[in-house]
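Here the sequence shown is numbered in full-length UniProt numbering, starting from 1 and rising by one per residue. Glycine residues also receive a C-beta, built at the ideal position from the N, C-alpha and C atoms. Since the model is a prediction, treat every value here as computed from it, not as a measurement.
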Amino acid sequence: MQNEIKKVCVIGSGVMGSGIAALIANSSHQVVLLDIADKNSDDPNKIVKNAIENLHKQKPPPLTFPNKAELITIGNLEHNLDLIKECDLVIEVIVKKLEIKHQLYNKIIPYLKKDAIIASNTSTLPLKRLKENLPENIKSRFVITHFFNPPRYMELLELIIDPIVKPEIIDRVSEFLTKTLGKTIVKCNDTPGFIANRVGCFLLELVARKAIAEKLDFVTIDKIFTSCLGLPSTGIFGLYDLIGHDVMKLISSSLLASLPSDDAYHKIYVNTPPLDKMIEQKLIGRKGGGGFYRLSVVNGKKTKEVINIGDLSYKPVGRTDISFTNFDELLASNSVYGKFFNEIITEFYLYLASLVPSVTDNIYDIDAAMKLGYSWKYGPFELLTSQAKNGWDLIVKNANSIPPYLANKEYQKIDKQKFNAHKDILKESKIVLENDSAKLVDYQDNLVFVITTKMNCLNHDVFYLLQESATKAEEQGKHIYIYIYIRKVIISQLGQI
Numbered sequence: 001m002q003n004e005i006k007k008v009c010v011i012g013s014g015v016m017g018s019g020i021a022a023l024i025a026n027s028s029h030q031v032v033l034l035d036i037a038d039k040n041s042d043d044p045n046k047i048v049k050n051a052i053e054n055l056h057k058q059k060p061p062p063l064t065f066p067n068k069a070e071l072i073t074i075g076n077l078e079h080n081l082d083l084i085k086e087c088d089l090v091i092e093v094i095v096k097k098l099e100i101k102h103q104l105y106n107k108i109i110p111y112l113k114k115d116a117i118i119a120s121n122t123s124t125l126p127l128k129r130l131k132e133n134l135p136e137n138i139k140s141r142f143v144i145t146h147f148f149n150p151p152r153y154m155e156l157l158e159l160i161i162d163p164i165v166k167p168e169i170i171d172r173v174s175e176f177l178t179k180t181l182g183k184t185i186v187k188c189n190d191t192p193g194f195i196a197n198r199v200g201c202f203l204l205e206l207v208a209r210k211a212i213a214e215k216l217d218f219v220t221i222d223k224i225f226t227s228c229l230g231l232p233s234t235g236i237f238g239l240y241d242l243i244g245h246d247v248m249k250l251i252s253s254s255l256l257a258s259l260p261s262d263d264a265y266h267k268i269y270v271n272t273p274p275l276d277k278m279i280e281q282k283l284i285g286r287k288g289g290g291g292f293y294r295l296s297v298v299n300g301k302k303t304k305e306v307i308n309i310g311d312l313s314y315k316p317v318g319r320t321d322i323s324f325t326n327f328d329e330l331l332a333s334n335s336v337y338g339k340f341f342n343e344i345i346t347e348f349y350l351y352l353a354s355l356v357p358s359v360t361d362n363i364y365d366i367d368a369a370m371k372l373g374y375s376w377k378y379g380p381f382e383l384l385t386s387q388a389k390n391g392w393d394l395i396v397k398n399a400n401s402i403p404p405y406l407a408n409k410e411y412q413k414i415d416k417q418k419f420n421a422h423k424d425i426l427k428e429s430k431i432v433l434e435n436d437s438a439k440l441v442d443y444q445d446n447l448v449f450v451i452t453t454k455m456n457c458l459n460h461d462v463f464y465l466l467q468e469s470a471t472k473a474e475e476q477g478k479h480i481y482i483y484i485y486i487r488k489v490i491i492s493q494l495g496q497i
């Protein structure tokens, strides 16, 4: 592809910024990582150096191999802006304050290549506001690329564009994000919170605030969500703790400030004093002294505890038995929790349906965002359609009013645009070496080793061809990339095969 992205600049070396830089370095691309100059040190690059050091300490590791960090060039925004001139893509990952972002954009614009793409990693600020007062030639190549944390391991990327962005810019950045970084792109309209955070945070706030008001057991609710609805083991309250109660408050406050007054988020975000009291007492989740849950050590043994929301004391999490094992049984139950979930599910799905087409053009993108961004087993629409016999009938029956999307009752064709690395590489490459179990191919001037056995089983032929491939790579002075169907493993240097 002409004008492909070869070198990237990431501005902001926090956990997310350095994680994105590591992800790009893992793909053997050169990265420039910039941050503010450290005024309290003799070394102005100390902030970025510390970020690189932290990459080697984090678990799970952001880098595929420690020496991938050598592909990251560090600098600061006072002395090293010239480094931006070589970059095809500049990703801004700084504090979520509009004024500070605008100051940064004005500072870096003189150093941009004429065809460089600018992207912001914001998850809360609208694209329209980010582009305010920027030159027209910058607006046409400015997008939002919302990575999820940790960037190396989360497949979802929300891409926000507008009609001003040139098609060739969209193609270039999409090609890089999918084929180089391995992301699945969900395109979102320029609305508050985009898809994943708008949907996910709505559900978290809805469940938490309603459960507290009705004095229900958090452990039971989480068990129902994981066993009957396919949510990951964190459930609702564990995820609330993982995000952080203080962060949840900031996200919801930002959304409420941007959403119209008739949006249902305003309705469900009821005043809940115990949540405010938890924040006051620093019970903000895993990074604080605890949240809805905490781990305590008694006699050298770790014990999981759950909060008593009345006095904010903790007790050990006991065994919880529920009388339903699937979604249908839950919806049919007249128990306290059956009624609670009927109300939650009705409210949640009516909200989801109201987001089409304002937030996204189709329900498939909502399902994809929640599966890839929140690790749900099923997307919400997939769940209600495949796991409940009469789910939609129940929603309609319980609803006071029906969103237009549900009222239309029309089916849409699903357009799956996800890049399949295995199939695309075999289709678009030239065979260099081959036997019955594997191939070495030339893909865009890269040597790629592809295992072709059923379920990627390793046998004699695979290792034999891999040895031959190593010799071939050494002769050509190239690295070898090993692609395994579904999951990609990158081997960075010949000596590490």
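Check	Outcome
Helix, strand or coil for Phe147 per DSSP?	strand
On the premise that Thr272 lies in contact with Met212, defined as a C-beta separation below 8 Å, what is that separation, rounded to the nearest angstrom?	This sequence places Ile at residue 212; Met is not what is there. With 8 Å as the limit, Ile212 and Thr272 qualify as a contact, their Cβ atoms being about 6 Å apart.
Under the three-state reduction of DSSP, which class applies to Val441: helix, strand or coil?	strand
Cutting at 6 Å between CB atoms, please list the residues of its own chain near Tyr378, excluding the five before and the five after it.	Gly230
Is the separation between the beta-carbon of Arg172 and that of Ile5 shorter than 8 Å?	yes
Taking DSSP's pairing of strands, which residues face Gly290 in a bridge?	Gly285
Could you check if Asn121 is buried or exposed, using at least 16 other CB atoms within 10 Å of its CB as the buried criterion?	buried
For Arg319, count the other beta carbons within 10 Å of its own beta carbon; 16 or more makes it buried, fewer makes it exposed. Which is it?	exposed
Any idea if Met455 is buried or exposed, counting beta-carbon neighbours within 10 angstroms, 16 or more meaning buried?	exposed
Candidates Val450, Asn26, Glu86, Val199: which alpha carbon is nearest Ala264's?	Val199
Residues in the same chain with beta-carbon distance under 6 Å from Phe176, minus the five sequence neighbours each way, listed in chain order, please.	Ile5
Just to confirm my understanding: we take Glu239, look at its own chain, exclude 5 residues before and 5 after, and list those with CB closer than 7 Å. What are they?	Per the sequence shown, residue 239 should be read as Leu rather than Glu. Leu204.
Only counting the same chain, and skipping five residues up and downstream in sequence, which positions put a Cβ closer than 7 Å to that of Gly12?	Asp35, Glu92, Val93, Ile94
Exposed or buried, which one is Thr360 when buried takes at least 16 other CB atoms within 10 Å?	buried
Have a look at the DSSP bridge pairing and note the partners of Val359.	Note: Val359 sits in no beta bridge, so no partner.
Helix, strand or coil, according to DSSP, for Lys397 in the structure here?	helix
Give the straight-line distance between the Cα atoms of Leu250 and Arg209, rounded to the nearest whole angstrom.	16 Å
Quick one, are the C-beta atoms of Ile72 and Leu134 less than 8 Å apart?	no
What does a CB cutoff of less than 8 Å around Arg141 pick up in its chain, not counting 5 residues either side in sequence?	Asp115, Ala116, Ile117, Ile118, Val165, Lys166, Ile169
Whole beta strand (DSSP E) runs in the stretch 80-133 with 3 or more residues, listed along the chain?	89-92, 117-120
Excluding the five sequence neighbours on either side, which residues of its own chain have a C-beta within less than 7 Å of the C-beta of Ser252, listed in chain order?	Cys201, Glu205, Tyr269
Note the first and the last residue of the continuous beta strand (DSSP E) segment covering Lys57.	Lys57 -> no beta strand (DSSP E), and no H or E assigned at all.
Whose CA, out of Glu214, Leu256, Thr220, Phe147, lies closest to the CA of Pro192?	Leu256
Please determine, among Pro61, Phe194, Thr64, Pro110, the residue with the shortest C-alpha to C-alpha distance to Lys85.	Pro110
Would Gly300 and His245 qualify as a contact pair, given that the criterion is a beta-carbon distance under 8 Å?	no
Indicate the three-state DSSP secondary structure (helix, strand or coil) for Thr320 in the structure shown.	coil
Can you give me the Cβ contacts of Ser313 inside the same chain, cut-off strictly under 8 Å, excluding the 5 residues immediately before and after it?	Ile307
My output table needs one value for Phe419: the three-state DSSP class, helix, strand or coil.	Legend: pLDDT at Phe419 = 48, less than 50; position of this residue unreliable, no value from coordinates given.
Quick one: any contact between the stretch 52-72 and the stretch 16-25, if contact means 3 or more CB pairs under 8 Å?	yes
Are the CB atoms of Thr452 and Asn459 nearer to each other than 8 Å?	no
By the 10 Å Cβ neighbour count, where 16 or more other Cβ atoms means buried, how is Arg487 classified, buried or exposed?	Residue placement at Arg487 cannot be trusted, given a pLDDT of 43 that sits under 50; what the coordinates show is reported in the next sentence. Exposed: under 16 other Cβ atoms inside 10 Å.
Could you tell me the alpha carbon to alpha carbon distance between Ile363 and Asn80, rounded to whole angstroms?	44 Å
Quick one: residues in its chain with C-beta nearer than 7 Å to the C-beta of Lys427, no 5 flanking neighbours on either side, listed in chain order?	none
Applying the criterion that 16 or more other CB atoms from any shown protein chain within 10 Å of the CB defines a buried residue, is His146 buried or exposed?	buried
Would you kindly work out how many angstroms separate the C-alpha atoms of Glu132 and Glu99, rounded to a whole number?	11 Å
Go ahead and label Tyr464 buried or exposed: buried means 16 or more other beta carbons lie within 10 angstroms of its beta carbon, across all protein chains shown.	exposed
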